[in-house]
Every structure is written in C-alpha cells, then in structure tokens.
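Residue numbers (our numbering): 9 to 240.
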Amino acid sequence: YAETMVLLPGLAQEPAWPTAERKHNYKDDGIVRVNCVWGPDKYNYTLLTILAEINNVVWGENKESKHEFHFFCSPGVNRYAAVPSFIANVTAMLPNVVVHAEQEYYDYMENAEQHDFSMNSFPFGCYNVLVESLYMGLPFTTLVGDRFYNRAGMWLNEQIGMPYNNFDNPREWINATAKLILDPDELKRQREHLASIDLKDSLFRLEDQHFLEAVKYMIDNHPFTETKLIGV
C-alpha cells in the first residue's frame with residue numbers, strides 16, 4: 009500500500025503528567041546532589057569525563073565542596089553482564105558517584121526529589137526523566153546538539169523560561185554546572201523560579217495537538233478501515 013510521510017512539528021511528544029505524587033522532601037544539608045537519570049544506553053566515556061571535569065572545576069575553586077552525582081538506573085540494568093565492571097570503572101573515575109540500580113519508579117521519584125538539580129545526557133538526550141525532574145522541582149542543565157534526540161532538553165528549558173541552562177559547547181556546560189554546585193544562591197534562585205511556574209500550563213497543555221492529529225490522520229487514511237473496530 010502507499011506510504012505517506014507524516015511530519016510532526018516540535019518534539020513529536022505528548023507529555024504525560026507523572027503518576028508519582030510529590031513528597032516535598034528536598035534535603036538541604038550542605039551536600040549538593042546532582043541527578044544523572046540515564047539508562048544504560050545513555051552512558052558513554054565522554055559523558056563520564058565531563059563529570060570528572062566538573063569535579064576538577066569545583067574542587068579547583070573549593071577543595072571542601074561536598075557534592076555527589078547520583079546515577080539512577082532501572083533495575084533492568086542488572087541484567088547486563090558488563091554492569092559490575094562498569095560500576096567499578098565509574099567509581100574509580102568519579103569517587104563521588106552514587107549508583108542506584110535497585111529502585112523502581114516510585115522509589116526513584118521519592119529519592120530523586122530530595123536532590124538539588126539534574127544533568128541531561130549526551131549525545132542521546134532524555135525527555136521523560138527531564139519532565140520528571142522539573143515536576144519534582146529540580147532544574148537541569150543540558151548540552152544542545154543538532155539532532156532531535158539532543159534538543160528536547162533545550163525545548164523544555166525554553167518552555168519554562170530557563171534557556172540559560174542550555175549550552176552549545178561542553179566547556180560552557182561544565183562551567184555552568186560547576187557554578188550551580190558552588191553557588192547556593194544561584195541554585196536557590198533557579199529552584200524558586202521553577203517552583204513559581206505552573207508546569208501544567210507550560211508543558212502539559214498543548215495548543216496544537218500535533219501528535220493526536222497525526223494519529224487521527226493515519227487512522228482516517230489507513231486502507232484497512234475495519235481496523236477502526238478493534239477494541240470496540
């Protein structure tokens with residue numbers, strides 16, 4: 009049958025409000041905790057060296073700085089035979105990393121909400137976990153690429169009035185992330201700005217239902233019209 013390309017503007021995403029309730033359990037105890045909610049497909053050596061360079065910048069300015077990178081992996085990561093050696097390599101390279109590999113969704117959301125801010129992955133960026141981060145009150149920094157899969161974070165930051173957390177080169181990203189760790193006033197300002205935003209209005213109420221319109225188009229134009237009766 010004939011194929012027709014359907015182009016979706018924007019992210020081609022239909023945002024979904026997280027099902028986990030906010031706990032409002034933010035922990036402000038002098039340790040800055042940075043969430044790195046990346047699946048096993050997002051980890052790469054360059055990304056880890058960027059975290060190591062953030063450590064160098066932070067400890068170069070303040071040797072007493074206390075900060076941690078929290079890796080949240082779904083329990084499914086334990087099925088990968090390479091995980092033990094990977095974790096050993098990461099902890100050797102990043103002495104301040106904390107790996108969470110046993111937490112299901114609701115436990116992860118409750119734990120992650122206690123922390124300060126998040127970092128996006130690169131080159132394959134995130135979307136759902138960034139929405140979750142904003143929902144939990146955590147701003148995030150992101151490196152912007154030239155592919156759709158590393159521009160979603162940029163779009164989210166623009167939607168909530170925080171484009172200053174989008175960066176075009178790694179050095180800017182490293183320095184800005186280090187600043188958030190070192191500058192409690194700036195971190196507080198960003199968290200307060202995020203808390204003042206109506207996320208449902210900014211992210212979850214779309215004026216143009218591009219995704220739904222595309223699905224409707226495909227249903228209306230599908231040659232096998234009887235498929236419309238499935239599930240009825």
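Cβ atoms here follow ideal geometry from the backbone N, Cα and C, with glycine treated the same way. Bear in mind the structure is a predicted one, so any value in this text is a computation, not a measurement.
| Check | Outcome |
| --- | --- |
| CA-to-CA distance, W181 to A241, given in whole angstroms | The requested residue 241 is not part of the displayed model; the chain covers only 9 to 240. |
| Short Cβ contact (8 Å threshold) for P26 with E140 | yes |
| Residues that F77 bridges to, as DSSP identifies them | V42 and V105 |
| Contacting residues, own chain, Cβ-Cβ under 8 Å from T185 (five flanking each side not counted) | V42, I62, M127 and T149 |
| 6 Å Cβ shell around A244 - same chain, five flanking residues per side excluded | No statement about residue 244 is possible, as the shown extent of the chain runs from 9 to 240 and does not include it. |
| Residue from K31, C44, V85 and Q122 with nearest C-alpha to G38 | Q122 |
| Whole-angstrom distance between P92 and K196, CA atom to CA atom | 36 Å |
| Boundaries (first-last residue) of the alpha helix (DSSP H) holding M162 | A160 to Q167 |
| Whole-number beta carbon distance between I95 and V107, since they are thought to touch under 8 Å | 6 Å |
| Alpha-carbon spacing of G84 relative to W46, whole angstroms | 12 Å |
| Anticipated Cβ contact below 8 Å, N173 with N165, distance rounded | 5 Å |
| Helix, strand or coil at K236 [DSSP, three-state] | Residue placement at K236 is poorly supported in this model, since its pLDDT is 47, which falls under 50; the coordinates are not used for a value here. |
| Test item: CB-CB of G145 and R213 under 8 Å | no |
| For N229 and K236, the rounded distance between their alpha carbons | Model confidence at K236 stands at a pLDDT of 47, short of 50, so the residue's coordinates are unreliable and nothing is read from them. |
| 8 Å CB neighbourhood of L202 in its chain, flanking five on each side removed | L142, G145, L146, P147, I168 and M170 |
| Whole-angstrom distance between C81 and I238, CA atom to CA atom | Bear in mind that a pLDDT of 46 at I238, under 50, signals an unreliable position, so the model cannot answer this. |
| Endpoints, alpha helix (DSSP H) assigned at T54 | Y53 to E69 |
| Cβ neighbour criterion (16 or more within 10 Å) applied to L220 | exposed |
| CA-to-CA distance, A109 to R31, given in whole angstroms | Correcting the residue type first, residue 31 is Lys in the shown sequence and not Arg. Near 21 Å, if we compare the C-alpha coordinates of A109 and K31. |
| Straight-line Cα distance separating A222 from D191 | 45 Å |
| Cβ separation of V66 and S73, assumed to be a contact under 8 Å, to the nearest whole Å | 5 Å |
| Continuous beta strand (DSSP E) stretch holding S126: start and end | F125 to M127 |
| Through-space distance from I227 to T99, alpha-carbon basis | 50 Å |
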